[in-house]
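Chemist: Numbering (this note's numbering), first residue to last: 1497 to 1982.
Think of the CB as a built atom: it goes at the ideal place given N, C-alpha and C, for glycine as much as any other residue.
Here the structure is a predicted model, which is why all the values come from computation and not from measurement.
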């Protein structure tokens, strides 16, 4: 950043702010991206919380930053920018008026970050507007989920549109801020070797997996009303699918990229009625062993044995356009799985003619893996001769680009990138309301079918890779999930 800005962080004491946003701001400050004059206003709901906020913030940084990353001198720089605000988000009173005066005292661009539940979006934005705090230099950042279904998402977006223009609304998906996701665009669009090998003629299928080892993590009240489909597939998974499948834009600009992503969502084949039973799997974790410890099942952890909320989803999706016709996209995400990882696997078709006889060994199809977490890396699996054998034998060879090794000392932080992009008025990595609408259009028929049939999710043991039906979903096509070595 080459200029200062104001950040009003609604929900400043919340879990997201403490675990993710404050560390992101610390890293931005450490790297010199928060220039002198930048002000950060985290809001809290009680006067004592305001008085104790600096102490809580310091503890949060020491807890959630990487080992060895916290330094007192860097904290003092960030601390000087933080001005906690005691505020009732929905109450037009003297405290709101004081905040408005403080913001108007400096002609800074202002980012309003709503790290709060969607129900609070409208009253917060309404008061921001009533206080005269919306001008051409204002933008608002909305955290997911945007709605519970297509209808509620439309209502939220319509209300936001009453106070901010679409160009001022930044809907965040932190996966889009990951450096490896951005590197995916660079990989596709700046290398002719991949540009020519990115369609149905060469690719057999695509896998997108986001696997978590955690359970509810204190989010029981929220998660049981949402489930894996709304929490992960509607946003993270579909956004990754769009970046994989989109056409190359004519220019690397926000509007151009969004237009191409919208084309992908429009081309997604709807899964409706009985087709849901064939092409979508939902699961729920039961008790099992995680990292050597016994863990409870979902309903035990929740305290409600009647819950049918899914904690796992696997889907076979199709994109009906010329580039991807006939190429299945296998999507999966879940909690309490065998390992924590997020990756995209591009499985290429086998060579059209086998020049070697069977004695040289197997010739597995080439595979490109883009790993988003826990380590960020790009891996290409090829076939080559075993160098330690006199006989001509083939073996897989992996070309591995580890971004952690390539950029030592660099801490990739998606939220840092997205906060700075919002402050710089760069909406490239944010989501347009049309994307939200089309994602719900695809998701809703699947969820509605589950509601009509009232079929319970399939149980899977904690510490496994999900329910048996998820394996069957891909194996019935003579394919297998690509599970990383953990």
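Quick test of the definition: if touching needs 3 or more C-beta pairs under 8 Å, does the region 1796-1808 touch the region 1670-1684?
Modeler: As far as the Cβ criterion goes, the region 1796-1808 does not touch the region 1670-1684, which means the pair count is below three.
Chemist: Specify the secondary structure class of residue 1516 as computed by DSSP and reduced to three states.
Modeler: Residue 1516 falls in the helix class under three-state DSSP.
Chemist: If you check the beta carbons only, do residue 1612 and residue 1537 fall under 7 Å apart?
Modeler: In this structure, residue 1537 does not lie closer than 7 Å to residue 1612 by Cβ.
Chemist: The beta strand (DSSP E) spanning residue 1892 covers which residue range?
Modeler: Here the beta strand (DSSP E) through residue 1892 covers 1890-1898.
Chemist: Who does residue 1502 pair with in a DSSP beta bridge?
Modeler: Looking at the DSSP assignment, residue 1502 forms a beta bridge with 1535 and 1606.
Chemist: Using 10 angstroms around the beta-carbon of residue 1534, count the other beta-carbons present and answer buried if the total reaches 16, otherwise exposed.
Modeler: Its Cβ being crowded by 16 or more others within 10 Å, residue 1534 is buried.
Chemist: Please list, in chain order, all residues of the same chain as residue 1517 whose beta carbon is under 8 Å from its beta carbon, the five residues on each side excluded.
Modeler: For residue 1517, where only same-chain residues beyond five positions count, the Cβ hits under 8 Å are 1505, 1609, 1611, 1911 and 1915.
Chemist: Would you mind reading off the limits of the alpha helix (DSSP H) that contains residue 1834?
Modeler: Looking at the DSSP string, residue 1834 is not in any alpha helix (DSSP H), and its letter there is neither H nor E.
Chemist: Relative to the C-alpha of residue 1941, which residue among 1775, 1682 and 1641 is closest?
Modeler: Among 1775, 1682 and 1641, the Cα nearest to that of residue 1941 belongs to 1775.
Chemist: Are the CB atoms of residue 1785 and residue 1955 nearer to each other than 7 Å?
Modeler: Cβ atoms of residue 1785 and residue 1955: not closer than 7 Å.
Chemist: Could you tell me if residue 1735 is buried or exposed, where buried requires 16 or more neighbouring beta carbons within 10 angstroms of its beta carbon?
Modeler: With 16 or more other Cβ atoms within 10 Å, it is buried.
Chemist: Between which residues of its own chain and residue 1472 is the CB-CB distance below 8 Å, once the five residues before and five after are set aside?
Modeler: Nothing about residue 1472 can be reported from this structure: the residues present for the chain run from 1497 to 1982 only.
Chemist: Please say whether residue 1623 and residue 1588 have beta carbons closer to each other than 7 Å?
Modeler: It is a contact, given that the beta carbons lie within the stated cut-off.
Chemist: Report the rounded CA-to-CA distance for residue 1977 versus residue 1732, giving the unit in angstroms.
Modeler: C-alpha separation (whole angstroms): 19 Å.
Chemist: How should residue 1746 be labelled, buried or exposed, when 16 other C-beta atoms within 10 angstroms of its C-beta is the threshold for buried?
Modeler: So residue 1746 counts as exposed.
Chemist: What runs of the alpha helix (DSSP H), each 4 residues or longer, lie entirely inside the region 1632-1664?
Modeler: DSSP runs (the alpha helix (DSSP H)) wholly in the region 1632-1664: 1646-1659.
Chemist: In three-state terms, what does DSSP make of residue 1820?
Modeler: Residue 1820: coil per DSSP, three-state reduction.
Chemist: Whole alpha helix (DSSP H) runs in the region 1671-1705 with 4 or more residues, listed along the chain?
Modeler: Correct list: 1675-1686 and 1688-1691.
Chemist: State the Cα-Cα distance for the pair residue 1509 and residue 1620, rounded to the nearest angstrom.
Modeler: For residue 1509 and residue 1620, the distance between alpha carbons rounds to 16 Å.
Chemist: With DSSP collapsed to three states, give me the class of residue 1743.
Modeler: The answer is coil: DSSP assigns residue 1743 none of H, G, I, E or B.
Chemist: Could you tell me which of 1810, 1709, 1667 and 1847 sits nearest to residue 1792, measuring between CA atoms?
Modeler: It is 1709 whose Cα lies nearest to the Cα of residue 1792.
Chemist: In or out: residue 1816 buried (at least 16 other Cβ within 10 Å) or exposed?
Modeler: It counts as exposed.
Chemist: Just checking: is the beta-carbon of residue 1773 within a distance shorter than 7 Å of some beta-carbon in chain D?
Modeler: No chain D is present in this structure, which holds just one protein chain.
Chemist: So residue 1922 is in the beta strand (DSSP E); what residue range does that whole segment cover?
Modeler: First-last for residue 1922: undefined, no H or E at that position.
Chemist: Starting from residue 1785, trace the beta strand (DSSP E) in both directions and tell me its first and last residue.
Modeler: Run containing residue 1785: 1784-1786, per the beta strand (DSSP E) assignment.
Chemist: What is the residue span of the beta strand (DSSP E) that residue 1792 lies within?
Modeler: Residue 1792 -> no beta strand (DSSP E), and no H or E assigned at all.
Chemist: To the nearest angstrom, how far is the alpha carbon of residue 1716 from that of residue 1962?
Modeler: Those two C-alpha atoms are separated by around 20 Å.
Chemist: Measuring alpha carbon to alpha carbon, tell me which of 1633, 1870, 1602 and 1937 ends up nearest residue 1766.
Modeler: The residue with the shortest Cα to Cα distance from residue 1766 is 1937.
Chemist: Would residue 1513 and residue 1750 qualify as a contact pair, given that the criterion is a beta-carbon distance under 7 Å?
Modeler: Their beta carbons are not under 7 Å apart, which means residue 1513 does not touch residue 1750 by this criterion.
Chemist: Kindly give me the distance between the Cβ atoms of residue 1740 and residue 1702, rounded to whole angstroms, as I take these residues to be in contact under 8 Å.
Modeler: About 6 Å separates the two Cβ atoms, so the contact holds.
Chemist: In three-state terms, what does DSSP make of residue 1715?
Modeler: Correct three-state label for residue 1715: coil.
Chemist: Please state if the CB of residue 1894 and the CB of residue 1877 are separated by a distance shorter than 7 Å.
Modeler: Contact flag set, yes.
Chemist: Run through DSSP, which three-state label would residue 1875 get?
Modeler: Here residue 1875 sits in strand by DSSP.
Chemist: Comparing C-alpha positions only, which one of 1578, 1633 and 1664 sits nearest to residue 1929?
Modeler: Considering only alpha carbons, the answer is 1664.
Chemist: Please list, in chain order, all residues of the same chain as residue 1725 whose beta carbon is under 8 Å from its beta carbon, the five residues on each side excluded.
Modeler: So the list reads 1778, 1806, 1809, 1939, 1942 and 1943, once near-sequence residues are dropped.
Chemist: Specify the secondary structure class of residue 1911 as computed by DSSP and reduced to three states.
Modeler: If DSSP states are grouped into helix, strand and coil, residue 1911 belongs with the helices.
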